[in-house]
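Step one of this worksheet: look at the structure below.
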Amino acid sequence: APKGVWCPACGLAALAPTTQRDVLIALAKQSILSKLHLPDRPNITQPTSRGALLTALRRMRAQRTDMAISQGMPHDGSIPNWHPGMGVQEYEILSFAESGSSTSRSVRLHFRFTGELAGSTEILQATLYLFWAVPGPGTHPVTVRLLQPDLTGLNRTVASETRLEVQRAGWATLDVGRAVQSLFSQGSQRLTVELEVAEDWGSPLLAGHSDSHWPFVAAQARARMPHRVQRR
Amino acid sequence: SIDCSGDSQMCCRKEFFVDFKEIGWEDWIIQPEGYHMNYCAGLCPLHMAGIPGLAASFHTAVLNLLKANNADAAVDSCCVPTQRRPLSLLYYDRDSNIVKTDIPDMIVDACGCT
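So the protein sequences, as listed, match chains A and B. In terms of the numbering used here, the first sequence opens at residue 125 and continues consecutively. In terms of the numbering used here, the second sequence opens at residue 10 and continues consecutively.
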């Protein structure tokens with residue numbers, strides 16, 4: 125650069141190597157946190173077990189392959205009409221259930237979605253994964269209610285109710301995209317799922333919260349496009 | 010593009026790896042283990058400005074025209090990224106949800122003079 129004009133890269137070169145390193149690390153941290161819309165690095169209180177994470181990723185892949193085959197899409201995970209280079213940042217979110225209140229006939233699960241993502245993204249799809257542990261042969265009716273806080277935040281309203289007939293143990297999925305979208309649009313942060321069963325069943329989920337069969341919600345989200353004003 | 014080596018003064022790409030374990034971020038960033046925060050540095054004397062292939066950018070065409078007509082008017086040329094790729098992250102957010110995302114244009118693969 126001409127004499128006397130400060131050049132960003134040269135400025136860096138003029139620093140002592142250790143100072144240079146500190147500056148670059150601070151830049152890297154700031155760059156990553158700002159691109160993730162995080163004010164600071166998160167403090168992790170309850171990390172997910174490796175077993176639960178691997179099981180969830182396997183289930184999601186299996187689910188996507190099944191969907192692709194049923195819709196005649198290429199099941200290499202690519203989305204045919206998704207034009208690469210659209211440059212919009214996409215997110216995949218895995219939210220594992222927190223245990224809520226329970227009675228002899230029902231159990232509640234809570235799923236929380238962070239303020240940052242809720243405010244800056246739109247939900248493309250969301251699926252609830254449940255692993256049924258059935259007490260015995262025959263079919264067992266289960267009512268699945270999605271509850272979300274009302275505008276006061278004090279009570280919960282039923283966003284949707286689905287009746288399932290469970291015949292055997294194993295994974296089941298439920299589309300909760302609309303419920304999670306309305307959560308995000310209200311800026312709320314918690315989706316509650318209530319499972320109600322007949323008296324003699326006890327808990328419909330695997331007793332003892334076996335880690336790798338713990339319920340989770342898998343959501344796909346996309347960064348909101350900034351509102352573009354068309355100028356003519 | 011050229012990777013900086015030794016005391017090269019010319020426009021080149023400097024490699025810089027941020028190891029997440031070294032900065033105490035390995036508990037909330039599950040994958041990858043670090044971030045290649047490469048950057049561009051070095052001089053771009055006018056005879057290097059806009060050489061096709063060094064900086065495939067629209068500035069190149071404009072600067073070539075400027076040089077062809079009147080070298081003095083040509084503005085300074087800068088050492089900038091000419092090729093970048095996304096940084097894929099798998100991390101815990103503040104509610105211990107696990108999030109996977111690709112942050113576009115975070116890793117510099119090549120540098121060149123505008």
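Each residue gets a CB set at the ideal place from its N, CA and C atoms; glycine is no exception. Predicted model only: the values in this text are computed from it and were never measured.
Measure the beta-carbon distance from residue i to residue j and round it to whole angstroms, keeping in mind my assumption that it falls under 8 Å.
i, j, result
"leucine 319 (chain A)", "alanine 257 (chain A)", "No, leucine 319 (chain A) and alanine 257 (chain A) are not in contact; Cβ-Cβ is about 12 Å, not under 8 Å."
"isoleucine 32 (chain B)", "lysine 159 (chain A)", "Not quite, the Cβ-Cβ distance comes to about 16 Å (not below 8 Å), so this is no contact."
"threonine 189 (chain A)", "phenylalanine 220 (chain A)", "Their Cβ separation, rounded to whole angstroms, is 22 Å, which puts threonine 189 (chain A) and phenylalanine 220 (chain A) out of contact at 8 Å."
"serine 336 (chain A)", "glycine 224 (chain A)", "Contact flag wrong, Cβ pair sits at about 21 Å."
"cysteine 88 (chain B)", "cysteine 53 (chain B)", "5 Å"
"arginine 287 (chain A)", "proline 261 (chain A)", "So it is not a contact: roughly 20 Å between Cβ atoms."
"leucine 157 (chain A)", "arginine 165 (chain A)", "7 Å"
"serine 86 (chain B)", "leucine 55 (chain B)", "6 Å"
Is there a Cβ from chain A that is less than 8 Å from the Cβ of residue i?
i, result
"asparagine 106 (chain B)", "yes"
"valine 117 (chain B)", "no"
"aspartate 12 (chain B)", "no"
"aspartate 124 (chain B)", "One cannot answer for residue 124 (chain B) here, as it falls past the ends of chain B, which runs 10 to 123."
"aspartate 36 (chain B)", "yes"
"threonine 123 (chain B)", "no"
"threonine 110 (chain B)", "yes"
"methionine 134 (chain B)", "Examination of residue 134 (chain B) is not possible in this model, given that chain B is present from 10 through 123 alone."
"proline 113 (chain B)", "yes"
Could you pull the DSSP bridge partners for residue i from this structure?
i, result
"valine 321 (chain A)", "A:Val266"
"proline 90 (chain B)", "B:Cys120"
"phenylalanine 255 (chain A)", "A:Trp295"
"phenylalanine 25 (chain B)", "DSSP, once it has assigned bridges, lists no residue as partnering phenylalanine 25 (chain B)."
"histidine 234 (chain A)", "A:Glu222, A:Thr316"
"alanine 342 (chain A)", "A:Leu218, A:Thr251"
"histidine 337 (chain A)", "In DSSP, histidine 337 (chain A) forms no bridge with anything."
"histidine 45 (chain B)", "B:Phe26"
"alanine 50 (chain B)", "B:Cys21"
"lysine 109 (chain B)", "A:Glu216, B:Leu99"
"threonine 286 (chain A)", "A:Val268"
"isoleucine 156 (chain A)", "BP columns for isoleucine 156 (chain A) are empty, so no partner."
"glutamine 40 (chain B)", "B:Leu99"
"alanine 347 (chain A)", "A:Thr245"
At least one CB of chain B closer than 8 Å to the CB of residue i: is that the case?
i, result
"isoleucine 102 (chain A)", "Absent from the model: residue 102 (chain A). The displayed extent of chain A is 125 to 356, so no value can be given."
"proline 265 (chain A)", "no"
"isoleucine 168 (chain A)", "yes"
"alanine 140 (chain A)", "no"
"tyrosine 253 (chain A)", "no"
"alanine 186 (chain A)", "no"
"isoleucine 247 (chain A)", "no"
"phenylalanine 308 (chain A)", "no"
"threonine 297 (chain A)", "no"
"glutamate 318 (chain A)", "no"
"serine 219 (chain A)", "yes"
"arginine 182 (chain A)", "no"
"leucine 157 (chain A)", "no"
"proline 171 (chain A)", "yes"
"arginine 232 (chain A)", "no"
"leucine 315 (chain A)", "no"
"alanine 242 (chain A)", "no"
"arginine 348 (chain A)", "no"
"glutamate 285 (chain A)", "no"
"alanine 250 (chain A)", "no"
"leucine 178 (chain A)", "no"
"glutamine 272 (chain A)", "no"
"serine 336 (chain A)", "no"
"glutamine 154 (chain A)", "no"
"arginine 236 (chain A)", "yes"
"arginine 280 (chain A)", "no"
"proline 339 (chain A)", "no"
"glutamate 216 (chain A)", "yes"
"glutamine 213 (chain A)", "yes"
Give me, in chain order, the residues of the same chain whose beta-carbon lies closer than 6 Å to that of residue i; leave out the 5 immediate sequence neighbours on both sides.
i, result
"lysine 109 (chain B)", "Leu99"
"lysine 23 (chain B)", "Cys13, Tyr48, Ala50"
"methionine 46 (chain B)", "Phe25, Val27"
"isoleucine 11 (chain B)", "Cys21"
So, for residue i: in the same chain, excluding its five sequence neighbours on each side, which residues have a beta-carbon less than 8 Å away from its beta-carbon?
i, result
"isoleucine 107 (chain B)", "Ile39, Leu99, Tyr100, Tyr101"
"threonine 169 (chain A)", "none"
"threonine 245 (chain A)", "Tyr215, Phe308, Ala345, Arg346, Ala347, Arg348"
"leucine 162 (chain A)", "Glu240"
"proline 95 (chain B)", "Asp111, Ile112, Pro113, Asp114, Met115, Ile116"
"glutamine 18 (chain B)", "Gly51, Leu52"
Leaving out five residues before and five after residue i in sequence, what residues of the same chain have Cβ atoms less than 7 Å from its Cβ?
i, result
"serine 105 (chain B)", "none"
"arginine 183 (chain A)", "Tyr253, Trp295"
"leucine 218 (chain A)", "Ala180, Phe340, Ala342"
"tryptophan 338 (chain A)", "Ala176, Phe220, Ala221"
"glycine 301 (chain A)", "Ile247, Gln249, Ala250"
"tryptophan 325 (chain A)", "Pro259, His264"
"tryptophan 37 (chain B)", "Tyr100, Tyr101"
Beta carbon of residue i: closer than 7 Å to some heavy atom of the ligand NAD?
i, result
"arginine 346 (chain A)", "The ligand NAD is absent from the structure shown, which contains no ligands of any kind."
How about the region 27 to 39 of chain B and the region 270 to 281 of chain A: do they share at least three Cβ pairs that are nearer than 8 Å?
As far as the Cβ criterion goes, the region 27 to 39 of chain B does not touch the region 270 to 281 of chain A, which means the pair count is below three.
Taking contact to mean at least 3 C-beta pairs separated by less than 8 Å, is the region 335 to 348 of chain A in contact with the region 238 to 257 of chain A?
Flag = yes, the region 335 to 348 of chain A and the region 238 to 257 of chain A touch.
Is there contact between the region 111 to 123 of chain B and the region 225 to 239 of chain A, where contact requires at least three CB pairs shorter than 8 Å?
The region 111 to 123 of chain B is not in contact with the region 225 to 239 of chain A.
Does the region 277 to 285 of chain A touch the region 239 to 246 of chain A, meaning 3 or more C-beta pairs lie closer than 8 Å?
No, the region 239 to 246 of chain A is not in contact with the region 277 to 285 of chain A.
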